[in-house]
Amino acid sequence: INEQNKLLYQERLLNRSASYSFKASLADGSAGCAALQVKYYYNSRNSPVQRGIQVNATTTSGPDCSTLQLDICARYTEGFLRTSAIVEITLLSGYSADDQSLKNLVNSGVIKRYVVTGNKIQLIIQTLTIQPTCFSISESRYLQVANLQNAVVEVYDYYQYQYKATAGYRLEGNCTPAAVAPPTSLNEVDSVFFV
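The sequence shown begins at 1 in the UniProt record's numbering and counts up by one.
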(Lines of atoms letter the chains of each structure in order from A; the text may use other names.)
(Lines give C-alpha, C1' and ligand atoms only; values in the text may rest on other atoms or scores of the structure.)
Protein backbone atom coordinates (compact mmCIF):
# COMPACT_ATOMS: atom_id res chain seq x y z
CA ILE A 1 0.00 0.00 0.00
CA ASN A 2 1.40 3.39 -0.94
CA GLU A 3 0.20 6.98 -1.44
CA GLN A 4 -1.10 6.29 -4.96
CA ASN A 5 -3.19 3.21 -4.14
CA LYS A 6 -4.10 3.75 -0.48
CA LEU A 7 -7.78 4.38 -1.22
CA LEU A 8 -8.19 1.65 -3.81
CA TYR A 9 -9.70 -1.73 -3.15
CA GLN A 10 -7.02 -4.36 -3.61
CA GLU A 11 -7.56 -8.07 -3.96
CA ARG A 12 -5.15 -10.96 -4.37
CA LEU A 13 -5.95 -14.52 -5.39
CA LEU A 14 -4.02 -16.87 -3.12
CA ASN A 15 -2.87 -20.40 -3.80
CA ARG A 16 -4.82 -22.52 -1.32
CA SER A 17 -1.97 -25.02 -0.90
CA ALA A 18 0.44 -22.35 0.32
CA SER A 19 0.57 -20.70 3.74
CA TYR A 20 0.58 -16.93 4.20
CA SER A 21 1.32 -14.43 6.91
CA PHE A 22 0.01 -10.88 7.18
CA LYS A 23 1.93 -7.98 8.67
CA ALA A 24 0.90 -4.33 8.87
CA SER A 25 3.05 -1.55 10.29
CA LEU A 26 2.82 2.22 10.50
CA ALA A 27 5.73 4.67 10.48
CA ASP A 28 5.94 7.40 13.14
CA GLY A 29 3.60 10.28 12.40
CA SER A 30 1.49 8.35 9.92
CA ALA A 31 -2.06 7.06 10.09
CA GLY A 32 -3.83 4.26 8.33
CA CYS A 33 -5.80 1.11 8.57
CA ALA A 34 -5.76 -2.36 7.08
CA ALA A 35 -8.41 -5.02 6.77
CA LEU A 36 -8.00 -8.63 5.77
CA GLN A 37 -10.87 -10.74 4.54
CA VAL A 38 -10.67 -14.35 3.45
CA LYS A 39 -13.29 -15.93 1.18
CA TYR A 40 -13.35 -19.63 0.43
CA TYR A 41 -15.87 -20.94 -2.10
CA TYR A 42 -16.75 -24.51 -2.92
CA ASN A 43 -19.62 -26.40 -4.49
CA SER A 44 -21.41 -29.20 -2.75
CA ARG A 45 -24.15 -31.23 -4.35
CA ASN A 46 -26.73 -30.76 -1.59
CA SER A 47 -26.33 -28.77 1.57
CA PRO A 48 -27.74 -30.15 4.83
CA VAL A 49 -30.99 -28.63 6.07
CA GLN A 50 -30.17 -26.04 8.67
CA ARG A 51 -31.55 -22.85 10.15
CA GLY A 52 -31.85 -20.38 7.32
CA ILE A 53 -32.80 -21.51 3.83
CA GLN A 54 -33.87 -24.78 2.21
CA VAL A 55 -33.90 -25.52 -1.54
CA ASN A 56 -34.96 -28.51 -3.67
CA ALA A 57 -34.36 -28.97 -7.41
CA THR A 58 -35.83 -31.64 -9.69
CA THR A 59 -35.88 -32.07 -13.46
CA THR A 60 -38.02 -33.54 -16.20
CA SER A 61 -36.92 -33.86 -19.81
CA GLY A 62 -38.23 -34.94 -23.18
CA PRO A 63 -37.28 -38.36 -24.62
CA ASP A 64 -34.30 -36.98 -26.54
CA CYS A 65 -33.22 -34.57 -23.74
CA SER A 66 -33.22 -31.59 -26.11
CA THR A 67 -35.28 -29.67 -23.55
CA LEU A 68 -35.27 -29.77 -19.78
CA GLN A 69 -37.61 -28.34 -17.17
CA LEU A 70 -35.94 -27.44 -13.88
CA ASP A 71 -38.37 -27.22 -10.94
CA ILE A 72 -37.09 -25.28 -7.91
CA CYS A 73 -38.69 -24.82 -4.49
CA ALA A 74 -37.06 -22.55 -1.91
CA ARG A 75 -38.11 -21.37 1.52
CA TYR A 76 -36.82 -19.95 4.76
CA THR A 77 -36.72 -22.39 7.63
CA GLU A 78 -37.98 -21.49 11.08
CA GLY A 79 -36.67 -18.33 12.68
CA PHE A 80 -37.04 -16.09 9.64
CA LEU A 81 -39.98 -13.94 8.65
CA ARG A 82 -39.58 -12.72 5.09
CA THR A 83 -36.96 -11.00 2.98
CA SER A 84 -35.49 -11.01 -0.51
CA ALA A 85 -33.34 -13.87 -1.77
CA ILE A 86 -31.07 -14.65 -4.71
CA VAL A 87 -31.34 -17.91 -6.65
CA GLU A 88 -28.19 -18.70 -8.63
CA ILE A 89 -28.56 -21.50 -11.17
CA THR A 90 -25.62 -23.09 -12.94
CA LEU A 91 -26.86 -24.50 -16.24
CA LEU A 92 -26.00 -28.01 -17.37
CA SER A 93 -23.11 -28.12 -19.85
CA GLY A 94 -24.40 -27.81 -23.40
CA TYR A 95 -27.70 -26.20 -22.29
CA SER A 96 -28.90 -22.60 -22.41
CA ALA A 97 -31.71 -20.87 -20.55
CA ASP A 98 -35.02 -20.41 -22.32
CA ASP A 99 -35.51 -16.65 -22.20
CA GLN A 100 -39.30 -16.87 -22.49
CA SER A 101 -39.60 -19.03 -19.34
CA LEU A 102 -37.56 -16.41 -17.44
CA LYS A 103 -39.73 -13.56 -18.77
CA ASN A 104 -42.84 -15.50 -17.69
CA LEU A 105 -41.47 -15.68 -14.12
CA VAL A 106 -41.03 -11.89 -14.04
CA ASN A 107 -44.47 -11.27 -15.57
CA SER A 108 -46.14 -13.60 -13.07
CA GLY A 109 -44.48 -11.80 -10.15
CA VAL A 110 -42.58 -14.85 -8.88
CA ILE A 111 -39.25 -13.10 -9.37
CA LYS A 112 -38.38 -9.41 -9.55
CA ARG A 113 -35.66 -9.69 -12.19
CA TYR A 114 -33.09 -12.03 -13.69
CA VAL A 115 -29.59 -11.83 -15.14
CA VAL A 116 -28.05 -14.43 -17.45
CA THR A 117 -24.24 -14.43 -17.54
CA GLY A 118 -22.54 -17.25 -19.41
CA ASN A 119 -23.80 -20.52 -17.95
CA LYS A 120 -25.32 -18.92 -14.82
CA ILE A 121 -28.70 -17.38 -14.12
CA GLN A 122 -29.33 -15.11 -11.14
CA LEU A 123 -32.95 -14.63 -10.08
CA ILE A 124 -34.08 -12.14 -7.43
CA ILE A 125 -37.05 -13.31 -5.39
CA GLN A 126 -38.69 -10.21 -3.91
CA THR A 127 -40.16 -11.99 -0.87
CA LEU A 128 -39.13 -15.42 0.34
CA THR A 129 -41.05 -16.74 3.37
CA ILE A 130 -41.39 -19.93 5.40
CA GLN A 131 -43.94 -21.09 2.79
CA PRO A 132 -42.21 -22.65 -0.25
CA THR A 133 -41.81 -20.50 -3.34
CA CYS A 134 -41.82 -22.86 -6.33
CA PHE A 135 -41.16 -22.11 -9.99
CA SER A 136 -39.80 -23.69 -13.17
CA ILE A 137 -37.36 -22.66 -15.86
CA SER A 138 -36.67 -24.32 -19.18
CA GLU A 139 -33.28 -25.19 -20.59
CA SER A 140 -32.61 -26.09 -24.23
CA ARG A 141 -29.71 -28.16 -25.46
CA TYR A 142 -27.47 -26.45 -27.99
CA LEU A 143 -24.60 -28.96 -27.83
CA GLN A 144 -24.51 -32.65 -26.93
CA VAL A 145 -22.04 -33.29 -24.11
CA ALA A 146 -20.75 -36.75 -23.20
CA ASN A 147 -20.57 -37.69 -19.50
CA LEU A 148 -22.79 -34.78 -18.45
CA GLN A 149 -22.14 -33.78 -14.83
CA ASN A 150 -24.57 -32.43 -12.23
CA ALA A 151 -25.24 -28.71 -11.97
CA VAL A 152 -25.99 -26.65 -8.86
CA VAL A 153 -28.79 -24.37 -7.65
CA GLU A 154 -27.80 -22.06 -4.80
CA VAL A 155 -30.20 -19.86 -2.84
CA TYR A 156 -28.97 -17.22 -0.43
CA ASP A 157 -30.38 -14.36 1.59
CA TYR A 158 -30.12 -11.04 -0.24
CA TYR A 159 -28.75 -9.24 2.83
CA GLN A 160 -26.96 -12.02 4.72
CA TYR A 161 -24.97 -14.28 2.39
CA GLN A 162 -24.13 -16.72 5.18
CA TYR A 163 -27.73 -17.97 5.07
CA LYS A 164 -27.65 -20.17 1.98
CA ALA A 165 -28.49 -23.62 0.70
CA THR A 166 -27.52 -25.63 -2.37
CA ALA A 167 -29.10 -28.45 -4.34
CA GLY A 168 -27.71 -30.41 -7.25
CA TYR A 169 -29.67 -31.38 -10.34
CA ARG A 170 -29.07 -33.54 -13.40
CA LEU A 171 -30.82 -35.10 -16.35
CA GLU A 172 -33.11 -37.85 -15.14
CA GLY A 173 -33.95 -41.02 -17.04
CA ASN A 174 -32.62 -42.46 -20.26
CA CYS A 175 -32.14 -40.01 -23.06
CA THR A 176 -31.96 -41.04 -26.66
CA PRO A 177 -29.83 -38.52 -28.56
CA ALA A 178 -31.70 -36.69 -31.30
CA ALA A 179 -30.71 -37.51 -34.85
CA VAL A 180 -28.64 -34.71 -36.35
CA ALA A 181 -28.43 -34.25 -40.11
CA PRO A 182 -24.86 -34.34 -41.42
CA PRO A 183 -23.46 -31.06 -42.76
CA THR A 184 -23.83 -30.45 -46.48
CA SER A 185 -20.34 -28.96 -46.74
CA LEU A 186 -17.19 -28.85 -44.63
CA ASN A 187 -17.80 -25.13 -43.96
CA GLU A 188 -20.86 -26.00 -41.85
CA VAL A 189 -18.90 -28.00 -39.27
CA ASP A 190 -18.50 -25.95 -36.08
CA SER A 191 -17.83 -28.81 -33.70
CA VAL A 192 -17.76 -32.58 -33.80
CA PHE A 193 -19.27 -34.84 -31.15
CA PHE A 194 -18.16 -38.47 -30.73
CA VAL A 195 -19.70 -41.07 -28.46
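The beta-carbon is built from N, C-alpha and C at its ideal position, and this holds for glycine as well.
Bounding residues of the beta strand (DSSP E) (the contiguous stretch that carries residue i)
i	result
Q162	Neither: Q162 is in no beta strand (DSSP E) and is coded neither H nor E.
S140	133–141
S96	95–97
Strand pairing of residue i, partner residues [DSSP]
i	result
V155	V87, A165
R113	I124
A57	I72
T67	S140
Residue i to residue j span [Cα, whole Å]
i	j	result
Y159	T83	8 Å
S101	I111	12 Å
S93	C65	13 Å
E88	A146	24 Å
V152	L8	34 Å
E11	D71	37 Å
T96	V116	As written in the sequence, residue 96 is Ser, which differs from the Thr given in the question. If I take the Cα positions, the gap works out to 10 Å.
A178	Y169	The pLDDT assigned to A178 is 49, lower than 50, so where the model puts this residue is not dependable, and the model offers no usable value.
K120	E154	11 Å
Y156	K6	33 Å
T77	Q122	21 Å
residue 199	E3	In the structure as shown, the chain starts at 1 and stops at 195, and residue 199 therefore has no counterpart that could be examined.
A27	I53	47 Å
T127	Q162	18 Å
S30	K164	42 Å
S108	C134	12 Å
L105	T59	17 Å
CB contact flag (residue i, residue j, <7 Å)
i	j	result
S140	T90	no
A85	V55	no
S61	L148	no
Q69	S21	no
D98	S138	yes
A57	A167	yes
I125	R113	no
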